[in-house]
Amino acid sequence: VWQHLTVAAMRSTSTADDEAATSAGAKPSEPTADKDAPSVWASVLTIDFALMFVAKCCSFVFTQWFMNFVGLFLRSSFGFSAAASTNAISVANAGQMVGLLIGGKYYKALAPFDQFRAITLLLALTTAAPSLLLLRGSLPAVDAIVIPLLFVWGLAFAVPFYLPVGTFALECGGKRNSTFVTNLLDAGGFTFSSAWNRYAAAQSRVESWHEVVLTLVVFGAVSLCTMPLAMYRRLPRAKRD
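The sequence shown begins at 1 in UniProt numbering and counts up one residue at a time.
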């Protein structure tokens, strides 16, 4: 959604500038961004795209987790009632909303290198949350903090899932190919998360939640390695030092 709004805003700004130039008797500006945009396949046959594609596939799994399995997990592993698990899901969703609406506002105001650091931190939290659930046996305090943990997990997950990918699509494909890049990333994410969804559903029927949560730790760690690296590689070289 964010990337389409960004493209629309850029197009409306360009149109307004052209109309102003025409009324002043000047020649409208040429669409240099489209003229200089890379070809479709040049946009996606890159290391940066491969890194972001892997990150998008892994992060898509968390959407399935929050939508379909958190309630079942809490009822099976923590003894929550149906009403209590529904309230816990609402807390996780509230974390996502806060992360996207408030965290997203501050994220977009950051310089590119600070955005890179913010995404690294948020993905580290996204990986740490399921790791704590795995340590429940040796850390009894996890039972007491599971609701706040879900809030922090949802908050940390939201910004990396939505915002960097939209910016990457515009940078990678330009205005001409950004929609194509976005669609490829989304298609990969939907396909991968659909396969994981079937696996998690099968595991939930036998209440084998340890393996399911372990996959979330793995996917969080992979996202932590790939998405920040893709962002770092696209920073101006002076900003890396």
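Don't be surprised by glycine CBs; every beta carbon is placed ideally from N, CA and C.
Environment of residue i [buried if 16+ CB atoms lie within 10 Å]
i, result
"A42", "exposed"
"T86", "exposed"
"N183", "exposed"
"M97", "exposed"
"I119", "buried"
"P112", "exposed"
"T167", "buried"
"V44", "buried"
"T191", "exposed"
"L216", "buried"
"V181", "buried"
"V206", "exposed"
"S208", "exposed"
"A144", "exposed"
Three-state secondary structure (DSSP) of residue i
i, result
"T226", "helix"
"L72", "helix"
"R234", "coil"
"A26", "Here the model assigns A26 a pLDDT of 46, short of 50, so the residue's position is not dependable, and the following value carries that caveat. Coil."
"V44", "helix"
"E207", "coil"
"S178", "helix"
"S194", "helix"
"S39", "coil"
"F219", "helix"
Span of the alpha helix (DSSP H) around residue i
i, result
"F78", "Element bounds for F78: n/a, residue is neither H nor E."
"L51", "47-64"
Cα-Cα separation, residue i to residue j
i, j, result
"T127", "R176", "35 Å"
"F78", "A169", "40 Å"
"R117", "K105", "16 Å"
"P228", "Y199", "28 Å"
"G154", "L74", "15 Å"
"S83", "Y107", "At residue 83 the sequence reads Ala, which differs from the Ser that was named. Roughly 34 Å separates the two Cα atoms."
"S138", "P130", "14 Å"
"L163", "L101", "11 Å"
"M52", "C172", "11 Å"
"F161", "F62", "9 Å"
"L185", "Q64", "16 Å"
"G103", "L123", "14 Å"
"Q115", "V222", "19 Å"
"A202", "K56", "23 Å"
Requested in this report: List in chain order: all unbroken alpha helix (DSSP H) runs of 4+ residues lying wholly within the region 87-171.
Outcome: The qualifying runs are 104-108, 112-134.
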